[in-house]
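Going by the UniProt record's numbering, the sequence shown opens with residue 1, and the numbers climb by one from there.
Cβ coordinates follow ideal geometry from the N, Cα and C atoms, glycine included.
Working notes, beginning with the structure itself.
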Amino acid sequence: MWTFLGYMYAVTGLGMSTTIDGIWFLGAELIALIFGLTRFFIEQHIMRRPEKPKEERVREYQVVGLSFVGYLIATATNGMVFQGGYVSALFGLNIPLFAAIVAGLTIAWQKRKRPVEPAVIDHPMSQKLANHYEEAGLSDSEIAVFRETMAGASKNIHSLETTVNSSVELQDILREFDTMNVIHAYFKAIVNEPKRMTESAPFLYEQLPNMADLTRKYVIITRHEVKTADTYLVLNQAKDALAKLAATIRDEYAAFVHDDIEDLDTTVTLTKQQLARHASMHDAQTAANAQPDAAPEEKEDK
1 MWTFLGYMYA VTGLGMSTTI DGIWFLGAEL IALIFGLTRF FIEQHIMRRP EKPKEERVRE
61 YQVVGLSFVG YLIATATNGM VFQGGYVSAL FGLNIPLFAA IVAGLTIAWQ KRKRPVEPAV
121 IDHPMSQKLA NHYEEAGLSD SEIAVFRETM AGASKNIHSL ETTVNSSVEL QDILREFDTM
181 NVIHAYFKAI VNEPKRMTES APFLYEQLPN MADLTRKYVI ITRHEVKTAD TYLVLNQAKD
241 ALAKLAATIR DEYAAFVHDD IEDLDTTVTL TKQQLARHAS MHDAQTAANA QPDAAPEEKE
301 DK
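What follows is the structure, encoded as structure tokens:
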């Protein structure tokens, strides 16, 4: 759109290029064209985040609209001549230049480096949770680190769920490994045993963030209107990577709760043994109680 408008402005300005005001007009529109081309090539390298906050989204329609209004005013004021023979270009011809400057500032703002913000714990710790951490043997500093880490993990899980829910293909890939249920169960298991957070470090600091980032980029690429052979190759590779990552998370969760499973298995085995002994004793008692009743009957027969 920017390239088209800049080209249109430049061609229109050629008709006035022999006058000083025509040069002003042509210069302003050529700058708009340059910014349009710059914008076009930058868009080839910038993938927009679908979950960007509203204030970070580029208001292109405002910039393009302002430039188009400038074009209309420039055309309307082209025949207005003041004393000295100057064309009224102050508001008409220079508005597209202002729009081009706004576009340039927009690009610079979009490319700015954003500081990495730590995860924000947006709710106070309940007394029940404080008692849980105390019983687990965590110090105040360990509690702070644990809560910050889990807040970051919770943010990643929420982002992952939002992305997965927006793509049927992602849902099909992750459903095979029951990934979202496993992730929620893993998160809950870590909260139940905060002292073991270091054991789950690969999940919290690598696997979960990587999955959230990979699914986000996957959705962005699938929304491209034109897909090449390389695009489909990258998408297939992303699917394979997601499947392997989902399998890894599932296996690590199974390893994390392995002791609990063994304890449950042991408890079930002991319970079965106790029930078997109880049933055996009950059968023996029943047989013993039935024996005296048979003796009098035999005597009566005699």
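- Contact between the region 124–144 and the region 170–181 is not established, with fewer than three Cβ pairs separated by less than 8 angstroms.
- Spanning the alpha carbons of E169 and L204 requires a straight line of approximately 25 angstroms.
- The alpha-carbon separation between D251 and L235 amounts to approximately 24 angstroms.
- Non-local C-beta neighbours of N156 in its own chain, meaning closer than 6 angstroms and more than five positions away in sequence, comprise L208, P209, A212, ordered along the chain.
- Short of 7 angstroms from the beta carbon of V191, and not among the five residues preceding or following it, lie these beta carbons of its own chain, in chain order: M150.
- Cβ neighbours of K239 within its own chain (closer than 7 angstroms, five residues either side excluded): I173.
- The Cβ-Cβ distance between L138 and P194 falls below 8 angstroms.
- In this chain, V226 is not harboured by any alpha helix (DSSP H), its DSSP state being neither H nor E.
- Linking L242 to A255 through their CA atoms gives a straight-line distance of about 20 angstroms.
- CA-CA distance, T198 to T163, rounds to 28 angstroms.
- Under the DSSP assignment, L174 falls in the alpha helix (DSSP H) whose first and last residues are 168–175.
- Between V226 and S166 the beta-carbon gap is near 21 angstroms, outside 8 angstroms, which marks them as no contact.
- One thing to note: F187 has its Cβ no nearer than 8 angstroms to the Cβ of A144.
- Cβ contact annotation for A185 (same chain, cutoff 7 angstroms, sequence separation greater than five): Y253, in chain order.
- Looking at the backbone, the Cα of K128 and that of N181 are separated by about 25 angstroms.
- Counting the other CB atoms within 10 Å of its CB gives Y133 a total of 16 or more, which places it among the buried residues.
- Classified as exposed, A201 has fewer than 16 neighbouring CB atoms from the shown chains inside 10 Å of its CB.
- Looking at the backbone, the Cα of S141 and that of R147 are separated by about 10 angstroms.
- Distances from the CA of A247 to each of I183, Q285, H158 were compared; the closest alpha carbon is that of I183.
- Nearest Cα to H158 within the set T215, A229, T228, A136: T215.
- E193 carries a coil assignment under DSSP once its states are collapsed to helix, strand and coil.
- Around the Cβ of L245, a 10 Å sphere holds 16 or more other Cβ atoms; the residue is buried.
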